[in-house]
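Residue numbers (the working numbering): 126 to 307.
Ideal Cβ placement from N, Cα and C applies to all residues, glycine included.
Working notes, beginning with the structure itself.
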Amino acid sequence: MSKLSRISSGDWSILNVKISNKTLEEMIRESAIEEDFNAGVFFEVKGEFPFVAMIVFRPKDIEIVSKCFLGYSLARIGALSNVEELMLSELGNIIVNSFIGSLSNLMSTTFLPSVPKCIQGPRNSILEAFETMLLKTARHTIINVFMEMKYCQLNSKCDIVAVVPENLEKAIISQIRPDNNF
């Protein structure tokens with residue numbers, strides 16, 4: 126996140142990281158994903174250990190997000206515009222690639238993320254879109270990263286969710302040592 130803070134106008138930080146084994150619905154209930162309206166950027170990650178990831182932003186905070194990322198505000202007018210979707214997709218791409226880079230270094234393997242897909246809607250729409258990649262009732266290992274972005278006195282939060290298969294979870298655990306900074 127320090128690199129993102131250096132290349133953008135805002136300050137970015139990780140508030141918390143949770144690794145849990147639960148259903149996606151349980152995870153969504155605990156997240157900052159709001160009932161009414163969200164924007165989700167989705168990724169399918171290919172490689173030896175394929176997994177899926179999403180980043181969820183609050184569209185009502187698009188002005189804050191754009192100030193933090195671009196240095197200027199994009200005006201809010203109803204649903205997300207194409208420019209706003211593109212900005213969230215690009216920001217999501219940067220964040221997911223940072224996560225994947227750390228994971229690649231830890232695992233000594235390569236991961237290849239898909240082109241980001243941005244959707245917007247209420248919590249159920251975000252959940253349904255993500256569930257198309259998963260078994261709804263299955264319990265998954267979920268890595269949930271809670272981020273905050275700040276610009277002057279303004280702040281916003283977003284959630285990063287990676288749903289990893291059992292073989293990747295075991296491989297990560299086998300690689301984590303006290304001296305690793307993952």
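Let me know the secondary structure DSSP gives residue i once reduced to three states.
{"i": "Leu-199", "result": "coil"}
{"i": "Ser-233", "result": "coil"}
For residue i and residue j, what's the separation of their Cα atoms in angstroms?
{"i": "Asn-163", "j": "Ser-233", "result": "34 Å"}
{"i": "Lys-147", "j": "Ile-268", "result": "11 Å"}
{"i": "Ile-301", "j": "Ser-227", "result": "12 Å"}
{"i": "Ile-219", "j": "Phe-194", "result": "11 Å"}
{"i": "Asn-141", "j": "Asn-207", "result": "31 Å"}
{"i": "Ser-229", "j": "Thr-235", "result": "6 Å"}
{"i": "Glu-256", "j": "Tyr-276", "result": "33 Å"}
{"i": "Ser-299", "j": "Glu-291", "result": "12 Å"}
{"i": "Gln-245", "j": "Ile-225", "result": "24 Å"}
{"i": "Leu-231", "j": "Ala-296", "result": "10 Å"}
{"i": "Gly-172", "j": "Ala-204", "result": "35 Å"}
{"i": "Met-272", "j": "Phe-176", "result": "20 Å"}
{"i": "Arg-183", "j": "Ser-250", "result": "14 Å"}
The beta strand (DSSP E) with residue i in it runs from where to where?
{"i": "Gly-172", "result": "163-172"}
{"i": "Leu-237", "result": "236-238"}
{"i": "Lys-282", "result": "279-289"}
{"i": "Lys-185", "result": "Note, Lys-185: premise wrong, no beta strand (DSSP E); not H, not E."}
{"i": "Thr-148", "result": "Per DSSP, Thr-148 belongs to no beta strand (DSSP E) and is neither H nor E."}
Among residues of its own chain, excluding the 5 on either side of residue i, which ones have a beta-carbon nearer than 6 Å to its beta-carbon?
{"i": "Glu-209", "result": "Ile-187, Leu-199"}
{"i": "Val-166", "result": "Ile-180, Leu-213, Ser-214, Gly-217, Pro-241, Cys-243"}
{"i": "Val-221", "result": "Phe-168, Ala-178, Pro-238"}
{"i": "Cys-285", "result": "According to the sequence displayed, residue 285 carries Ile and not Cys. For Ile-285, where only same-chain residues beyond five positions count, the Cβ hits under 6 Å are Ile-180, Val-270."}
{"i": "Met-274", "result": "Gly-135, Trp-137, Cys-193, Ser-281"}
{"i": "Phe-279", "result": "The identity of residue 279 in the sequence shown is Leu, whereas the question assumes Phe. For Leu-279, where only same-chain residues beyond five positions count, the Cβ hits under 6 Å are Ile-189."}
{"i": "Ser-145", "result": "Ile-267"}
Who are the near neighbours of residue i in its chain, counting only those whose CB is closer than 7 Å to its CB and skipping five residues on each side?
{"i": "Glu-294", "result": "Thr-266"}
{"i": "Gly-196", "result": "Ser-134"}
{"i": "Lys-143", "result": "Asn-269"}
Over what stretch of residues does the alpha helix (DSSP H) that includes residue i continue unbroken?
{"i": "Gly-135", "result": "Taken as a continuous stretch (DSSP letters only), Gly-135 belongs to no alpha helix (DSSP H), as it is neither H nor E."}
{"i": "Ile-301", "result": "No alpha helix (DSSP H) holds Ile-301; DSSP gives it neither H nor E."}
{"i": "Ala-204", "result": "Here Ala-204 belongs to no alpha helix (DSSP H), and DSSP marks it neither H nor E."}
{"i": "Arg-248", "result": "248-256"}
Bridge partners for residue i per DSSP, in chain order?
{"i": "Cys-243", "result": "Val-166"}
{"i": "Phe-194", "result": "According to DSSP, which records beta bridges pairwise, Phe-194 is partnered with nothing at all."}
Beta-carbon within less than 8 Å of residue i's beta-carbon, same chain only, minus the 5 sequence neighbours each way: which residues are those?
{"i": "Ser-191", "result": "Tyr-197, Ser-198, Leu-199, Glu-209, Met-212"}
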